[in-house]
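In my numbering, the protein residues as written are 243 to 549.
The structure appears below as structure tokens.
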């Protein structure tokens with residue numbers, strides 16, 4: 243049976259020659275010697291029975307037959323390339339996500355393997371709260387906590403409730419506080435940013451007495467919770483960031499059930515077009531479901547408080 247298709251290696255050499263400024267450059271791109279490269283072109287021309295290049299000038303130029311052949315085979319070769327990539331290594335979207343250190347360590351990183359496997363996404367986490375990264379397109383999305391943002395290219399992942407937490411026994415030997423009024427006699431610890439979490443919680447709890455003084459602030463919730471777990475004072479805990487500490491008993495909820503504080507974790511997009519990206523829509527859905535589950539676990543850990 244006569245062969246109906248040319249050798250793929252010869253076709254590859256033809257495409258390289260058509261795209262390169264010279265046969266020599268094309269040969270180098272395929273890691274071939276000039277003579278080996280020329281033999282492949284000659285093999286294809288013999289197979290087709292037509293010259294594909296005019297070699298009379300300083301550099302080889304496509305003939306009319308060569309131009310016609312290039313137009314015909316280029317799409318087919320691209321289909322072969324894409325199919326080979328899909329079979330050999332599934333195509334995956336790569337997303338860069340900016341978030342805080344605490345959320346990255348306590349919540350995002352432990353879930354990366356699940357996200358990447360279930361959604362077929364490659365994800366790089368960037369620890370930063372710099373909005374310039376988002377504006378300049380250096381990250382695709384950001385997950386940051388706070389009140390309602392001014393930009394419209396954002397959506398809520400999960401709303402945040404807060405609950406006072408302490409160690410089983412503080413360093414002065416006392417147990418955790420029992421009422422809001424007790425707080426003024428305890429060392430109150432807080433995260434530096436946002437600075438108004440305690441004020442939000444006290445207002446939401448309907449407390450009108452003397453506000454407790456903040457004894458110390460910390461750069462991250464992770465540092466804050468480690469200090470509280472060590473018995474240094476009382477802080478507020480929020481879902482996602484504190485789940486691990488509460489699950490292993492290092493932080494004990496006290497005083498009341500979790501109270502909404504008018505804050506949330508928000509998903510910020512770099513542009514309106516990004517918000518419509520299929521990959522980001524899949525990721526947003528996954529994050530919302532996972533965050534809701536973490537919030538339910540947080541609430542379960544507070545069962546029995548304030549009853």
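Heads up, the beta-carbon is just placed ideally off N, CA and C, and yes, glycines get one too.
(message) Comparing C-alpha positions only, which one of 382, 361, 260, 475 sits nearest to residue 515?
(response) Counted from its first residue, the chain shown places residue 515 at position 273. Selected option, being the one with the closest Cα: 382.
(message) Relative to the C-alpha of residue 432, which candidate in 421, 474, 413, 305 has its C-alpha closest?
(response) For the purposes of this step, residue 432 is identified with residue 190 of the chain shown, where counting begins at 1. With distances taken between Cα atoms, residue 432 lies closest to 474.
(message) According to DSSP, residue 509 sits in a beta bridge with which residue or residues?
(response) The residue given as residue 509 occupies position 267 in the chain shown. Answer is 385, 397, bridged to residue 509.
(message) On the DSSP letters alone, give me the boundaries of the alpha helix (DSSP H) that residue 550 sits inside.
(response) A query on residue 550 cannot be resolved here, the shown segment of the chain reaching from 243 to 549 and no further.
(message) Tell me which residues share the same chain as residue 283 and place their Cβ nearer than 8 Å to its Cβ, disregarding the 5 neighbours each side in the sequence.
(response) As a position in the chain shown, residue 283 is number 41, starting the count at 1. Answer for residue 283: 252, 255, 256, 259, 265, 294, 295, listed in chain order.
(message) Tell me the rounded alpha-carbon separation between residue 560 and residue 523.
(response) There is no way to answer for residue 560, as the model of the chain reaches only from 243 to 549.
(message) For residue 534, which residues in the same chain have their Cβ closer than 8 Å to its Cβ, ignoring the five residues on either side in sequence?
(response) As a first step, residue 534 is located in the chain shown; it is residue number 292 there, counting from the start. Closer than 8 Å at Cβ, skipping near neighbours: 400.
(request) Look at the alpha carbon of residue 420 and the alpha carbon of residue 487, and state the distance between them as a whole number of angstroms. (result) The residue labelled residue 420 in the question sits at position 178 within the chain shown. The residue labelled residue 487 in the question sits at position 245 within the chain shown. When rounded, the distance between both Cα atoms is 20 Å.
(request) Would you tell me roughly how many angstroms separate the C-alpha atoms of residue 411 and residue 470, rounded to the nearest one? (result) The count along the chain shown starts at 1 and reaches residue 411 at position 169. The count along the chain shown starts at 1 and reaches residue 470 at position 228. The straight-line gap from Cα to Cα measures roughly 10 Å.
(message) Going by DSSP in three states, residue 542 sits in which element: helix, strand or coil?
(response) In the chain shown, counting from the first residue as 1, residue 542 sits at position 300. Looking at residue 542 - three-state DSSP - the assignment turns out to be helix.
(message) For a quick check, are the C-beta atoms of residue 368 and residue 339 less than 8 Å apart?
(response) As a position in the chain shown, residue 368 is number 126, starting the count at 1. As a position in the chain shown, residue 339 is number 97, starting the count at 1. Yes.
(message) Threshold first: 3 residues or longer. Then list the beta strand (DSSP E) segments lying entirely within the region 449-500, N to C.
(response) 456-460, 477-479
(request) Figure out for me which residue from 429, 423, 390 has the closest Cα to the Cα of residue 409. (result) Numbered from its first residue, the chain shown carries residue 409 at position 167. Closest by alpha carbon: 429.
(message) Below 8 Å on the Cβ atoms is my contact criterion, and I expect residue 481 with residue 530 to pass it. Report the Cβ-Cβ distance as a whole number of Å.
(response) Your numbering for residue 481 matches position 239 in the chain shown. Your numbering for residue 530 matches position 288 in the chain shown. Actually they do not touch by this definition, with Cβ atoms about 13 Å apart.
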